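Below you'll find the structure, written out as structure tokens, and then a few comments.
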Amino acid sequence: MAAAEDLSGKPQPVSAERTPKPKSSGWLARIAPGVRNLVARRADTPENLWVKDPDTGDMIYRPDLEAALWVTPAGRHMRIGTELRFRYTFDGGQFEAIKPPAVVDDPLGFVDQKPYTERLAASRKANGSQDAVAIGYGRIRDIPAVVFVQDFAFMGGSLGMAAGEGFICAAETAVKRGAPLVAFTAAGGARMQEGALSLMQMARTTLAIQDLKRARLPYIVVLTDPTTGGVTASYAMLGDVHLAEPGALIGFAGPRVIEQTIRETLPPGFQRSEYLLEKGMVDRVVPRPELPETLSQILGVLMMGRELQRGRLQTA
Amino acid sequence: MSAARQYLEFERPIAEVEAKIEELSRLSESAGPGAFDAEIASLRGKVEQLRREAYAHLDPWQKTQVARHPERPHFVDYVAELVEDFVELRGDRKFADDASIIGGLGRFRGLPVVVIGHEKGHDTTTRLQHNFGMGRPEGYRKAVRLMDLAEQFAIPVVTFVDTAGAYPGVGAEERGQGEAIARSTERGLTLGSPMVATITGEGGSGGALALAAANKVLILEHSIYSVISPEAGSSILFRDRAQAPHMAAAMKITAQDLIGFGIVDRIVPEPPGGAHSDRAAAIAAVGDAVEEELRALLPLTPDELRRQRAERFYAIGRSGAALAQLKKAKR
């Protein structure tokens, strides 16, 4: 949260102005308002048929965008939530959802312009999830893996106690099941509303990574837009392998903070995935549709080492 | 020091009385020695009382200012007083030396130590030289290197934390600031040697944690430890830096708040007017506390040390009942 800035990439369903109003809403609302709410939320309602391209301003036909895994014709990898991420990552979109552990809400009794409890409640309602992270277990091109996903839409994906415990739980699950961990990071940083308790998550998640190391299980980070602040200064930069989606903003300090410090405009492409690739901080920039294949290639080889060590691999 | 003495906003009443004392001292030079002795003594007593009262009831924002007080003892002061035969070791062996984080070898109360800490500097020249204590990747990588050295030779690590945060600059980002901080935190957590960290001033975010992933984390009475500076937090949540005092209180950044959460293990009391009012006493108190904690860790094996650290950090925030109780008490 500390460095959350660029919100432009979020999928924004456009208002109904340019699309016809659903004619059926009247009768359905009269009969069963609850049912209408369900229907309205469905992706194929006319209101959601067009999505504005954040770069060109053009309207993109939503089914086309979905078929392209929310990558615009210009190549921008739009931010996606946990559900889509699981669907795009696991074979056949099939996975076992693992519930992140419950944590104490609002440990500090924090109030800024609004109480933190209200912000939490609003985010929960808007996102339909308890906090910013989700955990899934399934197969990526046949390789069993635990996948940890951060959702920027939930309070900037911020790392608080819930996300920290979620990460620890994901790592523990991976160790328990002898599976690798893949973490899709997306966060503005630490959750300020939890004070130093959020700072401590940087150390706690780092500890969880050591458990994976001891078990010789691969830990792959996929950096997605944006990954900044305390997340970058902890588990996002401690992977055995770092992949990044194209064009993702990745950094410790947010660009605005840096500009204010040095009072200069930043070079184009600064802190983007390709820049980090050039600077040696990520191994590969991988387009979204290619991620499962790349992940399975890497995981396949890394997991074979365990087999070799156990003498289980039959050499021909 | 009294001539160049810097007063904080809340110390204004103290400053006024001290100015009076100085005036009387000057007058007594012309009026003959001892002319105002009684008055001066009584004013000194008043200063003492005012200072005691002010420092007994500092609010979180006042503590923030005390924690940043330019005359507060810094890393170089602690090393000069507490570490014998200090040999500074420089450079990260990869790119450069970052003087915002200093480290080296020495003897602390008879124990061999690797000592590492942030140094803010005490005047314009040294502040620039030490980049105001804001570490760059090379500083954190040097810390990793020195922790490696400590482990290699089974030497304890003592750190002093005092930073507004890691430096937000183009070069720092280019050279992997996030990765450098993460590795330094990781190195502390995995260290096979005892490690004791003391937050002596400002514990600013990841840049502080990178040197505080220790077996025991001590904090001076008026030091702060926070996820983001009150000013930066205020500018994000309120779009206005002026709400910093509110943020300082809301984020629970004081030693007294943090100990309840288990984020720090021990509060080192400061002299009645803060560490800057009696630097020698403050430094000695830190030395005593660090020594005691360090000696208690010496019997532990490398694995036991790692386990203790893991348990310490994993336990933070896990006790829901304790948190709920704290929250209630704070309101």
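Heads up: the protein sequence lines correspond to chains A and B, in order. Its first residue numbered 1, the first sequence is counted upward by one per residue in my numbering. Its first residue numbered 317, the second sequence is counted upward by one per residue in my numbering. Heads up, the beta-carbon is just placed ideally off N, CA and C, and yes, glycines get one too. Bear in mind that the values here come from a model prediction, so they are computed numbers and not experimental data.
Identification of residues in the stretch 464–494 of chain B having a C-beta nearer than 7 angstroms to some C-beta of chain A yields 482, 484, 485, 486, 489, 490, 492, 493 and 494, given in sequence order. The C-beta separation of residue 174 of chain A from residue 217 of chain A comes to about 6 angstroms, placing the pair in contact by the 8 angstroms criterion. DSSP places residue 516 of chain B in the uninterrupted beta strand (DSSP E) bounded by 511–520.
Between the stretch 583–592 of chain B and the stretch 532–548 of chain B, the count of C-beta pairs closer than 8 angstroms reaches three or more; the two stretches touch. Cα atoms of residue 105 of chain A and residue 149 of chain A: separation of roughly 20 angstroms, rounded to the nearest angstrom. Among the CB atoms of chain A, none fall inside 7 angstroms of the CB of residue 455 of chain B. In terms of Cβ geometry, residue 621 of chain B and residue 582 of chain B do not form a close pair [threshold 7 angstroms].
At a beta-carbon threshold of 9 angstroms, none of the residues of chain B lie near residue 222 of chain A; the nearest stands roughly 15 angstroms away. Taking 4 residues as the minimum length, the alpha helix (DSSP H) runs contained wholly in the stretch 467–552 of chain B are 486–490, 493–506 and 521–525, in order along the chain. In summary, residue 90 of chain A is buried, with 16 or more beta-carbon neighbours lying within 10 Å of its beta-carbon over all protein chains present. Contact holds between the stretch 322–338 of chain B and the stretch 363–378 of chain B, because three or more Cβ pairs, one in each stretch, are under 8 angstroms apart.
Burial of residue 463 of chain B is indicated by the presence of at least 16 other C-beta atoms within 10 angstroms of its C-beta.
The alpha-carbon of residue 98 of chain A is positioned some 6 angstroms away from that of residue 136 of chain A. Neighbourhood of residue 331 of chain B in chain A, by CB distance below 8 angstroms: empty, with the nearest CB roughly 32 angstroms away. Residue range 195–214 is occupied by the alpha helix (DSSP H) that includes residue 195 of chain A. Against residue 629 of chain B, the close residues of chain A are 200, 203, 204 and 207, in the order they occur along the chain (beta-carbon pairs closer than 8 angstroms). Only 542, 543, 544, 548, 549, 552, 553, 554, 559, 562, 563, 566, 567 and 568 from the stretch 542–568 of chain B bring a Cβ to less than 8 angstroms from some Cβ of chain A. Straight through space, the alpha carbons of residue 429 of chain B and residue 513 of chain B are spaced by roughly 12 angstroms.
The Cβ-Cβ distance between residue 108 of chain A and residue 568 of chain B falls below 7 angstroms. Close to residue 620 of chain B, with beta-carbon spacing below 7 angstroms, lies no residue of chain A; the smallest spacing is near 15 angstroms. Short of 6 angstroms from the beta carbon of residue 524 of chain B, and not among the five residues preceding or following it, lie these beta carbons of its own chain, in chain order: 477 and 479.
Chain-order list of chain A residues neighbouring residue 498 of chain B: 202, 206, 232, 233, 234, 235, 236, 237 and 238, by C-beta distance under 9 angstroms.
With fewer than 16 other Cβ atoms inside 10 Å of its own Cβ, residue 74 of chain A counts as exposed. In this structure, the alpha-carbon of residue 558 of chain B lies about 12 angstroms from that of residue 377 of chain B. Listed in chain order, the non-local C-beta contacts of residue 168 of chain A below 7 angstroms within the same chain comprise 204, 205 and 208, local neighbours out to five positions each way being set aside.
With respect to residue 527 of chain B, residue 475 of chain B sits close: the two C-beta atoms are nearer than 7 angstroms. Residue-level contact check: residue 574 of chain B touches chain A, since one or more beta carbons of chain A fall below 7 angstroms from its beta carbon. Pairing residue 623 of chain B with residue 398 of chain B, the inter-Cα distance amounts to about 29 angstroms. Per DSSP, the unbroken alpha helix (DSSP H) holding residue 301 of chain A starts and ends at 291–309. Taken through DSSP and simplified to helix, strand or coil, residue 187 of chain A comes out as strand. Using a Cβ-Cβ cut-off of 7 angstroms, residue 571 of chain B does not count as an interface residue toward chain A, since no Cβ of chain A sits closer than that to its own. Legend: CB atoms of the stretch 103–124 of chain A lying less than 8 angstroms from CB atoms of chain B belong to residues 103, 104, 106, 107, 108, 109, 110, 111, 112 and 113.
Nearest to residue 165 of chain A by alpha-carbon distance, out of A:297, A:200 and A:142, is A:200. By the beta-carbon neighbour count (other beta carbons within 10 angstroms, threshold 16), residue 113 of chain A is exposed. For a cut-off of 8 angstroms, the C-beta gap from residue 296 of chain A to residue 142 of chain A is around 7 angstroms, short enough to register as a contact. Taking 7 angstroms as the Cβ-Cβ cut-off, the stretch 392–420 of chain B has no residue approaching chain A.
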